[in-house]
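Visitor: Just so you know, the protein sequences line up as chains A, B, C and D, in that order. Note that the working numbering has the first sequence beginning at 51, numbered continuously upward. Note that the working numbering has the second sequence beginning at 7, numbered continuously upward. Note that the working numbering has the third sequence beginning at 7, numbered continuously upward. Note that the working numbering has the fourth sequence beginning at 748, numbered continuously upward. Glycine is no exception: its CB is placed at the ideal position from the N, C-alpha and C atoms.
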Amino acid sequence: MTPRFVEDVSALPTTGFGTRSLVWWGTLAFIAIEAMAFVLAVAAYFYLAFAGGESRWPPMHDPPDLWASTLFTVVLLASLWPNLWTKRQGEAESRRGSRIGLVVMSLFGIVLTGIRVLEWGTLNCRWDDSAYGSITWVLLGLHTLHLVTDLGDTLVLTALMFTRHAHGRRFSDVAENALYWNFVVLAWLPLCVVIYLVPRWI
Amino acid sequence: MTAPVGPFAQSALHVAGPQAAHIERLWWLMFGVSAAVYALVMAALLIAILRRRRAAVEPEPRPDPAREQGLGRVVWAATGLTALTLLLLIAILRRRRAAVEPEPRPDPAREQGLGRVVWAATGLTALTLFLLIAASYLTDKGLDALAHDEEVSIEVTGQQWWWKVRYHGAPESRGFDTANEIHIPVGATVKLTLKSTDVIHSLWVPALHGKQDLIPGQDNVLYLRADRPGIYRGQCAEFCGFQHAKMALKVVAESREDFARWREAQLAPAPQPADAVQARGMAVFLSGPCVMCHRIAGTDAGGVTGPDLTHVASRRTLAAGEIPNNRGHLAAWIADPQGIKPGNHMPASNLDPADVRALVAYLESLR
Amino acid sequence: MHARPLILCGLIALAAAGCRREEREHSARPIGEQGPGKVVLSELFPGGSPPPGGSHRRYEENAYHMNEGKRLYSWFNCVGCHAHGGGGIGPPLMDERWIYGGQPENIYASIVEGRPNGMPSFRGKIPDQQVWQLVAYVRSLSGQAPKDAAPSRDDHLSAKPSEQQTPAQPPRNSALPTASERRE
Amino acid sequence: MSGHEDGPRDGRLDRLATERMLERTWATRPGLWGWFTTVDHKLIGWRYIVTAFVFFLLAGLGAVAMRLQLARPDSTLIGPDRYNQLFTMHGTTMMFLFAVPVMEAMAVTLVPLMVGTRNIAFPRLNAFSYWVYVFGGAMIWIAFMLNVGADTGWFSYVPLAGPEYSPGKRVDLWAQMITFTEVSALAVSVELIVTILKMRAPGMTLNRIPLFCWSMLVTSFMVMFAMPAVMLASSFLIMDRLVSTQFFNPAEGGSPLLWQHLFWFFGHPEVYIIFLPALGMVSSIVATFARRPVFGHMPMVLSLVATGFLGFGLWVHHMFATGLPQLGDAMFTAASMTIAIPSGIQIFCWIATLWDGRPVWRTPLLFVAGFIVIFVIGGLTGVMLAAVPLDLQVHDSYFVVAHFHYVLIGGAVFPLFGAVYYWFPKITGRLLSERLGRWNFWLFFIGFNVAFFPMHLLGLWGMPRRVYTYPGGLGWDLGNLIASGGTLLLVLGALVFLANVWNSLRHGAIARDNPWDASTLEWATGSPPPPYNFRHIPVVTGREPLWEERASLPVVTGLRIDIRELLTTSVVDAAPEVREPSPAPSIWPLLSAIALTGLFIGSVFTPWAVVWGAIPLSVALIGWFWPKGGAGRRDPLEE
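See the structure below:
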C-alpha cells in the first residue's frame, strides 16, 4: 500500500529506563516466572508438611540453626541500600557512580555466597533423609541459584563498566541488574520464614 | 485365549447397583441437555451460514425479518445432528460468491440486536450450567446416601498386575485371602478398603460404581451394593505399567445363602491330595519355584507376594481375569506365563510335563 | 556446527551403552538351564577368577534386571538374614569382604547351592534368570554395578543410601569368619 | 546516547534506496552460517512451525501404530513394552513438542507482523529457544528409537515413574525433555508479552490489538504461571530418581499426590495454552471471511482473560478419583463448569459474526466451521466430566480420550490447519490449492469423527484407556475397528495436506500482499514479507487498520535504516517512546543451547554435570551478552 507520512519519530531517544526499556519488561517477566516457582515450591512445602506422610514436622530432626541465616538476612538487607544507590547512579548515567556501586554490590554478592555456604551446614538435615529434608534443600537451593546467577550477572556487568562499552545502554543494564537484586532480596524473606521459622511453629 | 465374558459386563450403562444407577441417571440428564444445547448451537451456525444465500443473486443489505423468521423455523424443524452436518456440507458446496467489500464499522443498531441475542444465549448457558452443577451435586449426595453400615468389609490391594482381596472377619481369624474375584451378597452394603503396595491403581467395576484410586500410603474407601445377582467385570483404570491392560477382576454378586456357603468354603484350609497324582502335584508345588511366592493354607507353602492359591480352583479366571480357569489354561499358564502376560512377575518354570500334569491335578483339587 | 560430529559420536556411544542398560527382557529362560558350567561345591572358593563367558555382564549392566533383582531380594526374604545389605544372621553384603568370593559366579553358586551355617540352597526354586538378577543386585549393594544402571532409592522406608550412591568396594576374599567375628 | 544521532532515516530517501538499505541492514546472511546465526523472527518462526509439524507427523504415526494394534481384540502386533512407549511418546510429543510449540511458533512468526514492528523482542532469546526446543525434542525421539523411550504416560504418575518402578534412564530423559521444552516455551512467552505490550505500531491502543495478539498475550501469561509448576515437578522427579530425595515417597514423608497436584496445576492450563491461540486464529479467519469485524470485540477479549484466570482453578478435576474431600470436589466442579461460559460467549460471537456477515467460503473458513461443529461436542463432554459422579465412571476411560481429542483436535488442530491455509500465502508468497484444501478438510472432518466418536461409547461401555490390548466379547470390538478405520482417513487427509504444501511451494498461485483482503497489519507488507517486515512502521487508526485506510497507509518516518532500529511505544496508548536498537545475528544463542543441552543430558547421568556443565554455559552466555563493536553499534540485550 502507498505510505502516507503522518509522524516523524527521529527526535525520540534511543534508550530508556523503567517501563520505557524492553529489558526492564523482560526482567520483570522473568522475575514473575521465578516468583511463581518460589510460590509453588513453598506451596509444596506446606503440602508435604500437612498432607504428606509425616505426623511430625520436621520429622526426627532439629529445626535448622538460626545464626547463619540471621547473619545472611542482615547482610542481605544491608545490601539493599547500596543497591538502590547503584540503581540511581545508573539512571543518572554516572559512569563513576555505577562503577563504585557495582564493585560494592559484587563484594556483597561474594560475601553473601560465602555465608550461604556456611548456611548449608546449619540445616540439620540431609536432602535424602526425608521429604522434609528434600524440600528444605530445594528451597534453599532455589534461592542460592538466584543468588549465584545474579552475582555472575553483576560481575560481568562490573567488568563491562570498566571497558569501552560503558556508555548508553549499559546504564539501563545497571538499573535492571539492581531491580533483579531487589527481587533476590525480597524473595528471601518469605523463604527464610518458611525454612527457619515454620518448623519451629508447626 | 481370553476368559469369556458377557457383552457389556463392564459397562457404565448396564448397571446393577444403586451407586452406578445414580450416575447413570446423571449421565442421561447431561446427555439430554447436551444434545439439546448442541442442536441449538448447530442450528444457529447453520442459519448463520444459510441465511444470506439469496444475497448472492440480488444484494440485500437488510433482509425482510418475516422471511428470516420463516427460514429459521424451517431450519429448526430440520434439526438433527447428522442431518445438520449433511446440510452444512451441501450448503457449503453450493456457495460460490465473489469477495465483497469488508464492512469495518457495522451498523450499531444491527450490532445491538446481535448483542441481545448473544447475551441471552450466554445467560441461558449460565443457567443450564447452574442446573447441571446442582444435578451433579445432588448425585454426589446420592452416592453418599448409601448407609455406611456395611455387612461385608473387604480390603482390596492393588499389585502389579493383580488384585489381592482380603475378607475381614470377626474375629479376624474368620478372615481369608483370595485374588482377582470378589464375592458379595446381593442387597448388602459392601465396604471396600482400597490399598496399594506398589504403584497407583484404580478399581473400576462400572456396573456397580465409579472408580476409585488405590494409592500407596493412603487408604481409600468405596461403598457399593449390587441389586441383581450376576458377574460384573472390573478392570484397573489407572495406568500401572506393563500389564495394566490385563489387570481385571470379577465381582460375583450372589444370594446371601450362596455367599455364606462360599465364605465358609474359603475359610477352610486346602483339602489334602485325594490320590497319588495329586500328592505328586503337591510335592512338586512344595519343592519347586511355586512356594517362593504362593501360599496354600494348611501346607508349608507360605509365599505372600503372589496370589493365595488355597482355593484357586474355585475361582473363575486365572492371571487377573485374563484366561478361564480350566485344566488346559492352567497348564499353559504354569508353563509359559510370559507368553500369556509378558512382563508379569511369574517366571516360566521348566517342570517335567508329568510334573506339570500332577501340579495341575493338585491345583484343580483346591476348590 | 563443528560440534555436530562430536555430538553424533557421543550419541552413538551413549546409544550402545543405553541399549544394554535399558533392554527389558521378561521372557525368562525356564528353570533348570543352570548357569556357569560347573558349580563349585567346596566351601572355599577363590574369587577373582575371570567370569567364564561374561553372560552375567548382561545383567549387571542392565537397569531392569538389577531392579528385578532388588524386588526379588525383598520378595524372597533375603532381607530376613542379610538385612538391606548390612547383614544380620547372615553376613553383610555391602562391604568388600566375601567369604565365598564376590565374583558373580561365586554369588550365583552361593544362592543355588547354599552355604554351610544357614544359607539354604535355592536350586530348583529360583529360575536361572532370577538368580542372575539377584546376583547383579547383590553386587550392586557393594557398588559393583555401573552407577547409571544401579537401582536408585526405594519407594519404602530407606534403610541405607541407594545402590546408585554406594561407593564401589572391590571384593576381597576373606576366610570364613572366626567364631568371635561371627558373634559380633 | 552519543553516536546514535546520525545516519540515514526512512522517509528521507526514495523507496528503492530505502528498501536496499533496509535489506542490507536486516537480511540474514546466506549460507549455513547465516542459517545458524539468524535472529529474524520469520525465519525462526517458520523453522519452528516446520519442526513442530515434523513432530506432529511422528506422533501421528505413533497413533496409527496404536490404532492398528487396537483394531482387533487380543492383538499381538505390538507388545506391552513398545505400546506403552508409543502412547507415552504420542501424548508427550503432541502436548510438549507439537501443540504448545506450534502455537508459539505461529505467534513468533505473526505477532511482530500483526503489531507492525521489524522484529520480535529479544530475538536472540528467540533463536536460543528454538535450538533448545529442537535439541530436547531430538533427544527424546532418539531415545525412543534406541528403545529408551519413556513408558509411563505423558503424565508420568509417581510412584510408577519413580525410581523403584521405572529403572533405567527412560523417565529421566522424559523429565529432562520437559525441562527443555519449558525453557523454550517460557522464553517465547516473555518475548511475546514484551512484543505485544511494547512494540505495537503507534496508534494500536489496547482496545485496537487484534484478537490473535490478545489470545497470545493471555496464553503467554498462562505459560508464565503454569510452566513453573511442571518444571518444579519434573525437577523433583529427577532428584528423586537421581539423588534420592524423598518428595514422592510416602514412607519418608513424601506424597505421590504432590506430583499430581503440581502436574495438573500445569496440565490443565496447558489445555488452554493450546486452545487460546487457536481461538485467536479463528477470530482472524472469521473476521476476514465474514467480511466484517468479529462481533463483540470487548466480550471476546474479556472471555479470553476470564478463561486465562479460570484455567488455573480446575486442576483438581483430573483427580476426582483419588479420594479428595468432597467439598473441594464440589468447588472444582463448579469452577470447571463455569469455564464453559467464556467459551460459550466466544462461540456465540463467532456465530453472530457469520450470521451478520457475508461469508466467503474458502478453506480456512471451512476449517473454522469444522472447529465449531467438533469443538462444541468436546466442550459439552467437558461439562459432563466436570461432574464428580459422572467423572468417576468415565475418568481414564475411552470417553475421556474422545473428549480431549474433540477439544484438542477440534479446538486447536482444525483452527491451526485453517490458519496454515490462511497465512501460508503470507509466509511463502504462494497460495495453497483450494481444491486439495477441501479434500484435506473433508477427509479430516469425516476421518476425525469416525475415529473418535465411537470412543465416547467405548468409554461408557467400560473400556479403560492406556491398554495395549483388550479382550473380545465385551462389546468393544466393533467400535475399535471403526475407530481404527477413521484413523486411515485422517492419514489420507494428512497426505493430501503434505501434497498440497509440496505442490504449492513449487507451482502454487503467486499471492498478492493481501490475497484475502484482510484487515490486520501483516497483510500490509509483501508476501513473503521482507527481512525488515515493513518499509515504514505503520500507524493504526482503528481496530481493522487495512479496512479503515483503504487508499493509503499512514506511517511514521525517522527510524534509522543503516542499523537495526525499531520503535517501542507505550503500553496503553501505543504512543512512540524510544527508537530501540534490535540485536544483530549471533552464533552465541546456538552455542548456549548446545552448552545447556550438554548440561541437561549430562545431569541425567550424574548430578556433577550440573557443576561442570555450568562452565561452558557461562562462557556461552557471557559471549552472548558481551557487546560487540564500537560506539553506535547495537549492544546485545541482557535477557
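Going by DSSP, name the residue or residues bridged to residue 301 of chain B.
Guide: Stepping through the second sequence from its first residue, residue 301 of chain B is reached at position 295. DSSP, once it has assigned bridges, lists B:308, B:314 as partnering residue 301 of chain B.
Visitor: So the beta strand (DSSP E) residue 96 of chain C belongs to, where does it begin and stop?
Guide: Taking the first residue of the third sequence as 1, we reach residue 96 of chain C at position 90. That residue, residue 96 of chain C, is in no beta strand (DSSP E); it is neither H nor E in DSSP.
Visitor: With a threshold of 8 Å between beta-carbons, can residue 148 of chain C be considered close to chain D, or not?
Guide: Against the third sequence, residue 148 of chain C aligns to sequence position 142. By this cut-off, residue 148 of chain C is not an interface position.
Visitor: Kindly indicate which residue of B:200, B:205, B:129 has the alpha-carbon position closest to the one of residue 905 of chain D.
Guide: Indexing the fourth sequence from 1 puts residue 905 of chain D at position 158. Closest by alpha carbon: B:205.
Visitor: Does the beta-carbon of residue 173 of chain C have 16 or more other beta-carbons within 10 angstroms, so that it is buried, or is it exposed?
Guide: Mapped onto the third sequence, residue 173 of chain C falls at position 167. So residue 173 of chain C ends up on the exposed side.
Visitor: Taking Cβ-Cβ distances shorter than 9 Å, what residues in chain E pair up with residue 989 of chain D?
Guide: Looking at the structure shown, chain E is missing, and the protein chains on hand are A, B, C and D.
Visitor: Just list the alpha helix (DSSP H) runs in the segment 1250-1330 of chain D, keeping only unbroken ones of 4 residues or longer that don't cross its boundaries, in chain order.
Guide: Listed in chain order, the complete alpha helix (DSSP H) runs (minimum 4 residues) inside the segment 1250-1330 of chain D are 1292-1295.
Visitor: CA-CA distance, residue 160 of chain B and residue 198 of chain B?
Guide: Position 154 of the second sequence, counting from 1, holds the residue named residue 160 of chain B. Position 192 of the second sequence, counting from 1, holds the residue named residue 198 of chain B. C-alpha separation (whole angstroms): 5 Å.
Visitor: Here's a check: name, in chain order, each residue in its chain whose Cβ is nearer than 7 Å to the Cβ of residue 827 of chain D, leaving out the five neighbours to either side.
Guide: On the fourth sequence, position 80 is the one that residue 827 of chain D refers to. If we look at residue 827 of chain D and ignore the five residues flanking it on each side, its Cβ neighbours are 1215.
Visitor: So, at 6 Å on beta carbons, what are the nonlocal neighbours of residue 984 of chain D in its own chain, with the 5 sequence-adjacent residues on each side left out?
Guide: Numbered from 1 along the fourth sequence, position 237 holds the residue referred to as residue 984 of chain D. 922.
Visitor: Answer with yes or no whether the minimum CB distance from residue 148 of chain A to chain D is below 8 Å.
Guide: For the purposes of this step, residue 148 of chain A is taken as residue 98 along the first sequence, with counting starting at 1. So no, residue 148 of chain A is outside the interface.
Visitor: Helix, strand or coil: how does DSSP classify residue 785 of chain D here?
Guide: As a first step, residue 785 of chain D is located in the fourth sequence; it is residue number 38 there, counting from the start. Correct three-state label for residue 785 of chain D: coil.
Visitor: For residue 765 of chain D, count neighbouring C-beta atoms within 10 Å of its own C-beta (all shown protein chains included) and say buried if the count is 16 or more, exposed if not.
Guide: For the purposes of this step, residue 765 of chain D is identified with residue 18 of the fourth sequence, where counting begins at 1. With 16 or more Cβ atoms within 10 Å of its Cβ, residue 765 of chain D is classed as buried.
Visitor: Among D:1317, D:1349, D:1104, which residue has its Cα nearest to the Cα of residue 120 of chain B?
Guide: Stepping through the second sequence from its first residue, residue 120 of chain B is reached at position 114. Among D:1317, D:1349, D:1104, the Cα nearest to that of residue 120 of chain B belongs to D:1104.
Visitor: Residue 1145 of chain D and residue 769 of chain D - do their beta-carbons sit closer together than 8 Å?
Guide: If you number the fourth sequence from 1, residue 769 of chain D lands on position 22. If you number the fourth sequence from 1, residue 1145 of chain D lands on position 398. Taking 8 Å as the Cβ cut-off, residue 769 of chain D and residue 1145 of chain D do not qualify as a contacting pair.
Visitor: Quick check: what's the CA-CA separation for residue 199 of chain A versus residue 1289 of chain D?
Guide: The residue labelled residue 199 of chain A in the question sits at position 149 within the first sequence. The residue labelled residue 1289 of chain D in the question sits at position 542 within the fourth sequence. In a straight line, the C-alpha of residue 199 of chain A is about 44 Å away from that of residue 1289 of chain D.
Visitor: Grab the span of the beta strand (DSSP E) containing residue 237 of chain B for me, first residue to last.
Guide: By 1-based counting over the second sequence, the position of residue 237 of chain B is 231. Run containing residue 237 of chain B: 236-242, per the beta strand (DSSP E) assignment.
Visitor: For residue 1078 of chain D, which three-state DSSP category applies?
Guide: Reading the fourth sequence from its first residue, position 331 is the one you call residue 1078 of chain D. Three-state result, residue 1078 of chain D: helix.
Visitor: Confirm, please, whether the CB-CB distance from residue 325 of chain B to residue 252 of chain B is below 8 Å.
Guide: Taking the second sequence and counting its residues from 1, one reaches residue 252 of chain B at position 246. Taking the second sequence and counting its residues from 1, one reaches residue 325 of chain B at position 319. Cβ atoms of residue 252 of chain B and residue 325 of chain B: closer than 8 Å.
Visitor: Could you pull the start and end residues of the alpha helix (DSSP H) that residue 31 of chain B belongs to?
Guide: On the second sequence, residue 31 of chain B is found 25 positions in, with the first residue counted as 1. Looking at the DSSP string, the run of the alpha helix (DSSP H) that includes residue 31 of chain B is 24-56.
Visitor: What residues in its chain sit with their C-beta under 6 Å from that of residue 1001 of chain D, if we drop five residues either side in the sequence?
Guide: Locating residue 1001 of chain D in the fourth sequence gives position 254, where the first residue counts as 1. Correct list, in chain order: 993, 994, 995.
Visitor: Do you know offhand how far residue 820 of chain D's Cα is from residue 209 of chain B's?
Guide: Along the fourth sequence, read from residue 1 onward, the residue named residue 820 of chain D stands at position 73. Along the second sequence, read from residue 1 onward, the residue named residue 209 of chain B stands at position 203. Computed Cα separation, rounded: 22 Å.
Visitor: Do you know how far the Cα of residue 912 of chain D is from the Cα of residue 91 of chain C?
Guide: Mapped onto the third sequence, residue 91 of chain C falls at position 85. Mapped onto the fourth sequence, residue 912 of chain D falls at position 165. So the alpha carbons of these two residues sit roughly 20 Å apart.
Visitor: Which whole-angstrom value describes the C-beta separation of residue 303 of chain B and residue 276 of chain B, a residue pair presumed to lie in contact below a C-beta threshold of 8 Å?
Guide: Within the second sequence, numbered from 1, the residue matching residue 303 of chain B stands at position 297. Within the second sequence, numbered from 1, the residue matching residue 276 of chain B stands at position 270. That pair is a contact at about 6 Å.
Visitor: Mind listing the chain C neighbours of residue 299 of chain B? Cutoff is C-beta to C-beta under 9 Å, in chain order.
Guide: The residue you call residue 299 of chain B lines up with position 293 of the second sequence. Chain C residues near residue 299 of chain B: 81, 82.
Visitor: Count the other CB atoms, across all protein chains shown, that sit within 10 Å of the CB of residue 122 of chain C; report buried if there are 16 or more and exposed otherwise.
Guide: What you label residue 122 of chain C is simply residue 116 of the third sequence in a count that begins at 1. Answer is exposed; the Cβ neighbour count stays below 16.
Visitor: Between the beta-carbon of residue 1198 of chain D and the beta-carbon of residue 1237 of chain D, is there less than 8 Å?
Guide: Here residue 1198 of chain D is taken as the residue at index 451 of the fourth sequence, counted from 1. Here residue 1237 of chain D is taken as the residue at index 490 of the fourth sequence, counted from 1. Yes, they are a contact pair.
Visitor: Within 10 angstroms of the Cβ of residue 1205 of chain D, are there 16 or more other Cβ atoms? Answer buried if so, exposed if not.
Guide: Position 458 of the fourth sequence holds residue 1205 of chain D. Counting Cβ neighbours within 10 Å, residue 1205 of chain D comes out buried, since at least 16 surround it.
Visitor: Measure the C-alpha to C-alpha separation of residue 356 of chain B and residue 307 of chain B and round it to an integer number of angstroms.
Guide: Counted from its first residue, the second sequence places residue 356 of chain B at position 350. Counted from its first residue, the second sequence places residue 307 of chain B at position 301. Near 19 Å, if we compare the C-alpha coordinates of residue 307 of chain B and residue 356 of chain B.
Visitor: May I ask whether a heavy atom of the ligand COA can be found less than 7 Å away from the beta carbon of residue 101 of chain C?
Guide: Inclusion of the ligand COA in the displayed structure is not the case, the ligand content being empty and no account of it being possible.
Visitor: Taking contact to mean at least 3 C-beta pairs separated by less than 8 Å, is the segment 1178-1192 of chain D in contact with the segment 1107-1118 of chain D?
Guide: As far as the Cβ criterion goes, the segment 1178-1192 of chain D touches the segment 1107-1118 of chain D, which means the pair count is three or higher.
Visitor: Suppose the cutoff is 6 Å on Cβ atoms and the five residues either side in sequence are ignored; what does the same chain contact list for residue 947 of chain D look like?
Guide: Taking the fourth sequence and counting its residues from 1, the one referred to as residue 947 of chain D is at position 200. Excluding sequence neighbours, residue 947 of chain D sits near 862, 1316, 1321.
Visitor: Give the secondary structure of residue 1179 of chain D by DSSP, where H, G and I count as helix, E and B as strand, and everything else as coil.
Guide: Translated into the one-based positions of the fourth sequence, residue 1179 of chain D becomes position 432. Reduced to three states, the DSSP call for residue 1179 of chain D is coil.
Visitor: Mind checking if residue 134 of chain C is an interface residue toward chain D, Cβ cutoff 8 Å exclusive?
Guide: Stepping through the third sequence from its first residue, residue 134 of chain C is reached at position 128. No, its Cβ sits nowhere closer than 8 Å to a Cβ of chain D.
Visitor: Starting from residue 226 of chain B, trace the beta strand (DSSP E) both ways and give me its first and last residue.
Guide: As a first step, residue 226 of chain B must be located in the second sequence, where it is residue number 220. That run of the beta strand (DSSP E) goes 226-230.
Visitor: DSSP on residue 1386 of chain D, reduced to helix/strand/coil?
Guide: Your numbering for residue 1386 of chain D matches position 639 in the fourth sequence. Its pLDDT being 33, under 50, residue 1386 of chain D is placed unreliably in this model, and the coordinates cannot settle the point.
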